[in-house]
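In our numbering, the protein residues as written are 30 to 631.
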């Protein structure tokens, strides 16, 4: 029996090194699904509960392996469901291939059932390469180009297969005649470094600076040792964008932590006080948290020339891989003998951790959410992989979770969509079954879609070498991040009609699925609850009710934010007195002895 188009397609993906596909079946991809079953010894199929989760898992796989992530969905509604997860991958520059079905070629253009113009639908999210196969002879070069472009451009590509084409006889080698394409597989990442003249210009700028600040992002994740060496020579502190949280461990005294609204005071103060900015592998977008224009000279390292000098007017742009570029740059840097700037940063960081501890230990009803994360950090297993969702829990993940060397961590950095924590964690567990994994989510994101993938965990966990997978759900019965944005940005009170969500017993539901469920209501039991979760013999859902009125204070409160917040209280917020009380506690925790008035103003 000759190979079908679908058989050949999976064989070609296997030759490219693809070993796993996340998806959900449907009649638009019957041929592809049947062939995948025949190829199951080479390519593993992970069945999800919803196609959006398949795309999130493909993105998570790419983030935690560096390989291309692959997701599969049927025609029409299945293909449409992929979009949010694919945009997450595109905006965070992850290589992902989406494979979708289509109605039979003879039916197209006839308003057939589930007929959607998929090429147009995917044109934005997969604009670098989206094509529909029309004849079997196309499949080889469509597959080769989709994977090569996704990897080379670190982006999303998409292939569309009409269902009748999937079961036709394959054409593995097109005839050598006019109008045919003869492609090959394989791709190696090139070594990209700047010209020597540009490196010398960058070194001159950095050597001239007296107060150098470094900002790292996802592009620096594989350049941690080089960043540490450069920071040591320059006497610099290092702030981290959220996607770069795992680039450097938080136990280094000069690492100031996150930057931005979810960032730290040391990061804000460093940016406001520096005279030189070195940005490495980051496209951090919020200008109000970068040095005022004209204050600092700038050097940026980025692999994509389209993305340099658009966040801050840089004096020198180095186009290249972060680690390779830094290895070329470091010999040109002079070690700064005046370490007063570095000493100032380290003192600020040391004090900041004390502030966070005081904030975490402030009483709340029933539990201060910051304490949940404060108790977590020392209990994180070695080489843990952490995934975080979008919501108020992200504030505490950003500030309170202390990453150690050897850990990995990620979230939806640019799209900032709700829902990826659990599917990212599942993808991480399939990619690294021996490593412990932690997913951090809020009850809003879990109710939206994350809870479905607990079923997927229940389906697959017994095949993982290490069962350590903890899903921590912060329960506050409030779409809390939006509530605080309404208060602090728009000056509007919490509207319970849009913000309040029903309680769901996550821990009890986990038990129904055969997982372990833990609920903790007492702050003094948080440590033992984390210990129990990581010691369990199966995946765990750890449900913790947190006080929704503990404010996620930004590192710097602008006059506009202060006015908006005051306006909120005057207009009758339903949680007014609790908000006032918790805000007072958090502000008081930041007033440690030793900070002078100039420090507070800055």
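Where is the CB? At the ideal position from N, CA and C, for every residue including glycine.
Query	Result
Report the rounded CA-to-CA distance for residue 489 versus residue 83, giving the unit in angstroms.	15 Å
Is it buried or exposed, residue 52, if we count other Cβ atoms within 10 angstroms and call 16 or more buried?	buried
Got a sec? Which residues, its chain only, sit under 6 Å from residue 189 by beta carbon, not counting five neighbours each side?	129, 131, 147 and 161
Within its chain, find whatever has a CB closer than 6 Å to the CB of residue 607; leave out the 5 residues flanking it on each side and keep chain order.	578
Kindly indicate which residue of 311, 601 and 538 has the alpha-carbon position closest to the one of residue 339.	311
With residue 284 as the anchor, note down where its beta strand (DSSP E) starts and where it stops.	284-287
I need the straight-line Cα distance from residue 273 to residue 501, nearest angstrom please.	22 Å
Just the Cα atoms here: how many angstroms apart are residue 104 and residue 288?	41 Å
If you follow the alpha helix (DSSP H) that residue 217 is in, where does it begin and where does it stop?	Premise fails: residue 217 is in no alpha helix (DSSP H) and is neither H nor E.
Between the Cα of residue 409 and the Cα atoms of 319, 465, 109 and 64, which residue gives the shortest distance?	465
Touching or not, the segment 509-518 and the segment 481-488, by the rule of three or more beta carbon pairs under 8 Å?	no
Helix, strand or coil for residue 359? Go by DSSP, reduced to three states.	helix
Check the C-beta distance from residue 242 over to residue 265 and give it rounded, since I have them as a contact under 8 Å.	6 Å
Taking the alpha-carbon positions, what's the residue 428 to residue 192 distance?	49 Å
Here's the rule: buried if 16 or more other CB atoms are within 10 angstroms of the residue's CB, otherwise exposed. What is residue 76?	exposed
Any idea what DSSP makes of residue 49, helix, strand or coil?	strand
Which same chain residues end up closer than 7 Å to residue 235 when comparing Cβ atoms and leaving out the 5 residues on each side of it in sequence?	241, 263, 305, 307, 328 and 362
If distances are taken between C-alpha atoms only, which option among 498, 528 and 54 comes closest to residue 505?	528
Skipping 5 residues on each side, what residues in its chain have a beta carbon closer than 6 Å to that of residue 532?	506
State the start and end residues of the unbroken alpha helix (DSSP H) segment that holds residue 307.	From DSSP, residue 307 is part of no alpha helix (DSSP H) but of the beta strand (DSSP E) over 305-309.
Taking the DSSP output, what are the residues bridged to residue 574?	504
Cα separation between residue 618 and residue 522?	25 Å
Measure the CB-CB distance between residue 352 and residue 251 and report whether it falls below 9 Å.	yes
Do the CB positions of residue 45 and residue 210 come within less than 9 Å of each other?	no
DSSP on residue 1, reduced to helix/strand/coil?	With the chain represented from 30 up to 631, any question about residue 1 goes unanswered, as that position is not in the structure.
Counting pairs of beta carbons, one from the segment 205-225 and one from the segment 310-326, are three or more of them closer than 8 Å?	no
Can you tell me whether DSSP reads residue 521 as helix, strand or coil?	coil
Under 8 Å Cβ to Cβ from residue 359, same chain only, skipping five residues before and after it: list those, please.	255, 258, 259 and 262
Classify residue 132 as helix, strand or coil using the three-state DSSP reduction.	coil
Give the secondary structure of residue 388 by DSSP, where H, G and I count as helix, E and B as strand, and everything else as coil.	helix
Kindly confirm or deny that the segment 389-408 and the segment 420-438 touch, where touching means at least three C-beta pairs closer than 8 Å.	yes
Touch check for the segment 541-548 and the segment 387-399: three-plus C-beta pairs under 8 Å?	no
Taking buried to mean at least 16 other C-beta atoms within 10 Å of its own C-beta, is residue 341 buried or exposed?	buried
Near residue 297, what residues of its chain come up, given a Cβ to Cβ distance below 7 Å and the 5 sequence neighbours on each side ignored?	318, 584 and 585
Rounded to the nearest angstrom, how far is the Cβ of residue 97 from that of residue 180, given a contact under 8 Å?	6 Å
Just mark residue 127 as buried or exposed, buried being the case when its beta carbon has 16 or more other beta carbons within 10 Å.	buried
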